[in-house]
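What follows is a set of notes on a single structure, which appears directly below.
Below is the structure:
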């Protein structure tokens with residue numbers, strides 16, 4: 001934590017994995033702190049693979065993240081950080097007990113490591129499950145931080161196309177993560193085939209739901225993809241903003257189109 005505080009001060013001055021049903025083991029005490037490598041941001045990418053996301057839409061998500069890390073603008077953004085490196089992990093989520101870590105933490109500090117991360121996404125398995133537990137995704141993401149890296153910020157990037165319908169109340173998981181200093185950003189995907197109006201009336205519009213009940217923490221924001229075809233553009237813009245060094249205040253909600 002001391003290193004993290006020092007890194008925050010420095011930044012200010014510079015202006016095929018198995019299904020995971022248990023939490024990763026943590027090192028303890030000063031040994032864990034000594035082992036963690038400093039990075040500008042620890043970014044956990046959490047991707048919805050519930051049944052509302054069909055195979056084509058899931059592929060658009062995976063390809064969108066891979067394309068973002070192959071984009072020179074993103075690599076340039078990483079290089080402008082105080083350290084010039086970020087740590088990124090990627091997991092999928094669905095039911096309360098379904099979170100699958102597809103790409104463990106990787107250090108991204110240039111085009112080669114960014115390509116390695118993108119290639120890992122290309123090779124990752126595609127699987128679909130049933131329900132939508134944003135709360136469990138947040139709880140799981142919170143256990144991933146501090147595993148080999150220590151960033152000045154810890155950010156969870158949650159993408160999805162539905163509301164929480166499994167696991168504990170979303171408000172509880174959100175509050176627990178915010179108490180740990182974790183920033184929750186959202187990427188809400190507005191489905192091109194929305195549910196019938198009688199079902200849609202049961203929940204608020206997805207962008208409002210993510211804005212009011214999912215995102216939180218210093219500088220948190222929501223990116224709205226207007227359909228899965230807009231996902232790649234949304235991901236690229238979102239991650240560039242998340243890794244920016246002392247970014248100027250931006251809108252709470254941004255929208256991306258295909």
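Residue numbers (my numbering): 1 to 258. Beta carbons: idealized from backbone N, C-alpha and C, even for Gly. Bear in mind the structure is a predicted one, so any value in this text is a computation, not a measurement.
To which residues of the same chain is residue 169 closer than 8 Å at the C-beta, ignoring the five residues directly before and after it?
So the list reads 135, once near-sequence residues are dropped.
Using C-beta distances below 8 Å, list every residue in its chain close to residue 162, excluding the 5 sequence neighbours before and after it, in chain order.
Closer than 8 Å at the Cβ level, and outside the excluded window around residue 162, lie 48, 50, 52, 132, 206.
Does DSSP classify residue 208 as helix, strand or coil?
In the three-state scheme derived from DSSP, where H, G and I count as helix and E and B as strand, residue 208 is classed as helix.
For residue 24, I'd like the list of residues in its chain whose CB is within less than 7 Å of its CB, leaving aside the five on either flank, ordered along the chain.
The predicted model places residue 24 with a pLDDT of 46, which falls under 50 and marks its position as unreliable; any figure quoted below should be read in that light. Here the set comprises 143, 144, 147.
What did DSSP end up calling residue 119 once you bin it into helix, strand or coil?
In the three-state scheme derived from DSSP, where H, G and I count as helix and E and B as strand, residue 119 is classed as helix.
Among the candidates 242, 95, 76, 70, whose CA atom is the shortest distance from the CA of residue 164?
With distances taken between Cα atoms, residue 164 lies closest to 95.
With a threshold of 16 other CB atoms inside 10 Å of the CB of residue 257, please say whether the residue is buried or exposed.
Answer is exposed; the Cβ neighbour count stays below 16.
Spatial distance of residue 64 from residue 235 (CA atoms):
When rounded, the distance between both Cα atoms is 7 Å.
Can you round the beta-carbon distance between residue 91 and residue 74 to whole angstroms, since I take them to be within the 8 Å contact cut?
By a beta-carbon distance limit of 8 Å, residue 91 does not contact residue 74. Their separation comes to about 20 Å.
Quick test of your reading: residue 232 and residue 67, contact by CB under 8 Å. State the CB separation rounded to the nearest angstrom.
The C-beta distance from residue 232 to residue 67 rounds to 5 Å, short enough to fall under 8 Å.
Run through the DSSP bridge pairs and tell me what residue 42 is partnered with.
Answer is 87, 154, bridged to residue 42.
Locate the alpha helix (DSSP H) running through residue 77, then write down its first and last residues.
72-79 is the span of the alpha helix (DSSP H), which, as asked, contains residue 77.
Spatial neighbours of residue 240 within its chain, please: CB distance less than 7 Å, with the 5 preceding and 5 following residues excluded, ordered by chain position.
Taken in chain order, the residues that qualify are 73, 74, 77.
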